[in-house]
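Sequence order for the protein chains is R and L.
What the first sequence shows, in this note's numbering, is residues 29 to 290, in sequence order.
What the second sequence shows, in this note's numbering, is residues 1035 to 1048, in sequence order.
Glycine included, every Cβ here is placed at the ideal spot set by N, Cα and C.
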Amino acid sequence: MFEAKLIQGAILKKILDAIKDLVNEASWDCSSQGMSLQAMDTSHVSLVAVQMKADGFDKYRCDRSVTLGMNLSSLSKILKCAGNDDTITLKAPDDGDKITLVFEAKNESETSEYEVKLMNLDSEYLGIPDTPYSVNVKMPSHKFQRICRDLQQIGDAVTISCAKDSIRFAAKGDLGSGTVNLCQTASADKPEDSVSISMQEPIIQSFALKYLNHFAKATPLSPQVSLSLSPDVPLVVEYSITDDDGSDFGYIRYYLAPKIDE
Amino acid sequence: KSNQTRIDTFFAAK
């Protein structure tokens, strides 16, 4: 039996909003550690990895590991039926062919119950090496979202370069070009507004903005986003997931293969 | 002109 209860159901709604347009079908791996998911987009250009730790849930029971394969747009449609303040409980019996979602409104006697069909998916898991990166940047997630949205008006790709204590996002296209330069902030009264840059070596790398704009759909999950870059390897865009108390619940990590000059 | 690479050329299947 698998059962996971989340008082702040809105977190699960936000997670689905952040992945459903990138990945159509995926499997949740549920173990005593928590729920996790790894999937590539259909073009195999990007990869998304989600982790929700067991102790972040308000109740979590997983007698034996289960894989819950599902259509994410179906799950997202069902989660839209939950209110933002609802408690969400996921339930799956061992060897069942569906998952049950129970939504409970706060201070009300209303509960609703939905079922989503499970699918057997041939999931291909990629091993992601845990290596240090040349550049790590932490910045406000809304700023990253804004930069990616603005630069997509100019071109299809952004060139990210980092030198000393600044990071530069540049795009060019038929209409002209655009550049956004961000410098490290000195000290922050509000940590969520700060930009911090740690650089081992300068870097310049290009990425498709279409995917970065998909990743930015995770913005409501976290006030800060972390970008990690090294020469000729995928970019990592990470949003940590915290609950209202600020406790660490897990993360969404997106990996994006670079564009390489011919 | 730049080429889009694929993510599965960087990370091997487990």
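Item: Give me the residue from R:128, R:207, R:87 and R:249 with the minimum Cα distance to residue 44 (chain R).; Value: R:249
Item: On the DSSP bridge assignment, give the partners of residue 105 (chain R) in chain order.; Value: Paired residues: none, contrary to the question.
Item: Does residue 287 (chain R) have its Cβ less than 8 Å from a Cβ in chain L?; Value: yes
Item: Determine which residues of the segment 52 to 72 of chain R have a Cβ less than 7 Å from any Cβ of chain L, and write them out in chain order.; Value: 68 and 72
Item: Going along the segment 256 to 278 of chain R in order, which residues come within less than 8 Å of chain L, judged by CB to CB distance?; Value: 261 and 262
Item: Contact criterion: CB-CB distance below 8 Å. Does residue 39 (chain R) meet it with respect to chain L?; Value: no
Item: Please determine, among R:194, R:202, R:37 and R:136, the residue with the shortest C-alpha to C-alpha distance to residue 211 (chain R).; Value: R:194
Item: Thinking C-alpha only, which one of R:109, R:191, R:119 and R:68 is nearest residue 229 (chain R)?; Value: R:191
Item: Distance cutoff 8 Å, beta carbons only. Does residue 199 (chain R) sit that close to anything in chain L?; Value: no
Item: Could you confirm whether any beta carbon from chain L is found closer than 8 Å to the beta carbon of residue 155 (chain R)?; Value: yes
Item: Can you list the residues of chain L that residue 236 (chain R) reaches, using a CB-CB cut of under 9 Å?; Value: 1038
Item: Measure from the alpha carbon of residue 270 (chain R) to the alpha carbon of each residue in R:39, R:32 and R:31, then state which is nearest.; Value: R:39
Item: List, in chain order, every chain L residue whose beta-carbon is nearer than 9 Å to that of residue 74 (chain R).; Value: 1041
Item: Hey, how far is the Cα of residue 146 (chain R) from the Cα of residue 97 (chain R)?; Value: 5 Å
Item: Taking the straight line between their C-alpha atoms, what separation do you get for residue 52 (chain R) and residue 151 (chain R)?; Value: 12 Å
Item: Pull up the DSSP beta-bridge partners for residue 57 (chain R), would you.; Value: R:64 and R:95
Item: Would you verify that the beta carbon of residue 141 (chain R) is, or is not, closer than 8 Å to some beta carbon of chain L?; Value: no
Item: Looking at the unbroken alpha helix (DSSP H) that takes in residue 239 (chain R), where does it start and where does it end?; Value: 237 to 243
Item: Starting from residue 45 (chain R), follow the beta strand (DSSP E) in both directions and report where the run begins and ends.; Value: Counting along the chain, residue 45 (chain R) falls outside any beta strand (DSSP E), though it belongs to the alpha helix (DSSP H) covering 38 to 47.
Item: Which chain L residues sit within Cβ distance under 8 Å of residue 185 (chain R)?; Value: 1036
Item: Kindly list, in the order they appear in chain L, the residues whose Cβ is closer than 8 Å to that of residue 161 (chain R).; Value: What residue 161 (chain R) touches in chain L: nothing, since even the nearest Cβ is about 13 Å away.
Item: Of all Cβ atoms in chain L, is any one closer than 8 Å to the Cβ of residue 283 (chain R)?; Value: yes
Item: Listed from N- to C-terminal order along the chain, which residues in the segment 123 to 150 of chain R have their beta-carbon within a distance smaller than 7 Å of any beta-carbon of chain L?; Value: none
Item: Could you name the residues of the same chain whose beta carbon sits closer than 8 Å to that of residue 213 (chain R), not counting the 5 residues immediately before and after it, in chain order?; Value: 221, 222, 223 and 224
Item: Thinking just about the alpha-carbon of each residue, which of R:37, R:179 and R:189 is nearest to the one in residue 203 (chain R)?; Value: R:179
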